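Numbering (the UniProt record's numbering), first residue to last: 1 to 329. Here the structure comes first, spelled out in C-alpha cells, and everything after it is commentary.
Structure representation (C-alpha cells):
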C-alpha cells in the first residue's frame with residue numbers, strides 16, 4: 001500500500017525524516033506507523049521520530065531528527081549550524097541544538113547537545129532549513145563557548161573569509177548581547193579603526209605587553225618612505241626590530257602579499273619582524289612579551305622584561321628558551 005502523498009512530501013522536505021505528529025496529521029495511523037517500523041520499511045531514530053528509509057542517515061537527516069525530537073522552537077546551532085552554513089568543514093561528533101529557555105527537555109537525546117537561550121526568537125534565521133541560528137549568532141555562540149582565544153580568531157576569520165558574513169554584521173549582533181566571553185578581544189577584531197594608530201589591538205599591545213613588562217617603548221605607526229610608502233605598527237629602530245599587529249580579518253588577498261613583501265624588504269636590510277594577531281595580544285600578552293623581550297635582548301637591548309604580576313611567566317619562558325639555547329649549542 002502506498003503512503004499518502006502528504007507523508008511523502010513532508011518526508012522529502014526533511015531529508016526522509018518526520019515526526020509522529022506529522023505522520024498522523026498527514027493521514028497515517030499509529031498502528032500503520034508501528035507496522036512500517038516492524039517490517040523494516042521505516043526506522044525509529046528517536047522517540048516519536050522516524051526515518052522513511054533504511055540504512056545510515058545523512059547529516060541533514062540527523063539534524064532534522066534531532067530538531068523534531070526536541071520539539072517546539074528547537075533550531076540547529078553552534079558547530080552544527082556552522083557546518084550547515086559553510087563556516088567549517090567538520091560537523092563534529094554531536095548535533096547541537098538550541099531551544100527556548102522557557103522549556104527544559106526532561107530526557108537526554110542520543111548524539112545531541114542541547115543549549116538554552118532567552119534570545120532565540122531574535123537569533124534564529126527566519127527561513128533557512130533545517131531551522132538554525134543566524135550566521136552572526138552562530139559565530140558568537142561558538143565564541144562564547146570556547147575557552148581558547150585562538151578559536152575566536154579562527155571563527156571570525158573563517159566566517160568573513162568565506163563570505164558568510166561581514167565584520168560590520170558581527171559587530172551589530174555583538175552589540176545586542178549583554179554577556180559574552182572574549183568581548184574586549186572580539187570588539188577589537190571587529191573595530192572599524194583596526195588600521196589606525198589608536199586601534200584597540202595596538203593599545204592592548206602598548207599596555208599589556210610593552211608597558212606592563214617594561215619593554216623598550218616602540219615608535220607606533222611609523223611612516224617608512226621608499227619606492228612605496230609603508231606603515232610599521234611598532235618600530236624598535238634602535239634594535240632593528242619591527243612588530244606588526246595584524247588581525248587576519250583585514251589582511252587577506254592583496255593585503256597578505258603586501259605584508260609579506262614589506263617583511264621581506266625589512267629582513268633584507270637586517271631588520272627582524274614579529275607578527276601578532278588578536279589571539280596572541282589579547283589571549284597571551286605575557287607570552288608575547290617574553291618572545292619580544294628575548295628578540296630585543298638578542299639584538300642589543302640590555303634590559304630584562306619585568307613580570308606584570310605574581311603569576312606572570314615572562315622570565316620563566318625566557319630562561320627556558322636560554323637553557324635550550326645553551327643545551328643545543
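Virtual Cβ for every residue (Gly too), placed ideally from N, Cα, C. All values reported here derive from a predicted model rather than from experimental measurement.
| Query | Result |
| --- | --- |
| Cα-Cα separation, residue 205 to residue 155 | 22 angstroms |
| Top-ranked residue by Cα proximity to residue 39, from 46, 52, 48, 27 | 52 |
| Stretch pair the stretch 49 to 67 + the stretch 12 to 22: three plus CB contacts closer than 8 angstroms | yes |
| Cα-Cα separation, residue 149 to residue 157 | 13 angstroms |
| For residue 297, the first and last residue of its enclosing alpha helix (DSSP H) | 285 to 298 |
| Where the beta strand (DSSP E) through residue 244 begins and ends | 241 to 245 |
| DSSP three-state assignment for residue 130, whether helix, strand or coil | coil |
| Under 8 angstroms between C-beta atoms of residue 70 and residue 105 | yes |
| Touching by the beta-carbon criterion (3+ pairs, under 8 angstroms), the stretch 85 to 92 and the stretch 158 to 174 | yes |
| Residue 59, buried or exposed, once every other Cβ within 10 Å from all chains shown has been counted against 16 | exposed |
| Residue 235 in three-state terms, based on DSSP | strand |
| Three-state class that DSSP yields for residue 19 in the structure shown | strand |
| Residue environment, residue 126, which counts as buried when at least 16 other CB atoms sit within 10 Å | exposed |
| Inter-residue spacing [alpha-carbon to alpha-carbon] between residue 120 and residue 45 | 26 angstroms |
| Terminal residues of the beta strand (DSSP E) in which residue 113 lies | 112 to 117 |
| Euclidean distance between Cα positions of residue 33 and residue 27 | 11 angstroms |
| Residue nearest to residue 208 in terms of C-alpha spacing, selected from 312, 298, 137 | 312 |
| Segment contact, 8 angstroms Cβ cut-off, at least three pairs: the stretch 211 to 224 with the stretch 270 to 278 | no |
| DSSP three-state assignment for residue 221, whether helix, strand or coil | strand |
| Cβ distance (whole Å) where residue 99 is taken to contact residue 80 below 8 angstroms | Contact doesn't hold; Cβ gap of about 13 angstroms is too wide. |
| Close-in-space but distant-in-sequence residues of the same chain around residue 306 (CB under 6 angstroms, 5 per side omitted) | 213, 214 |
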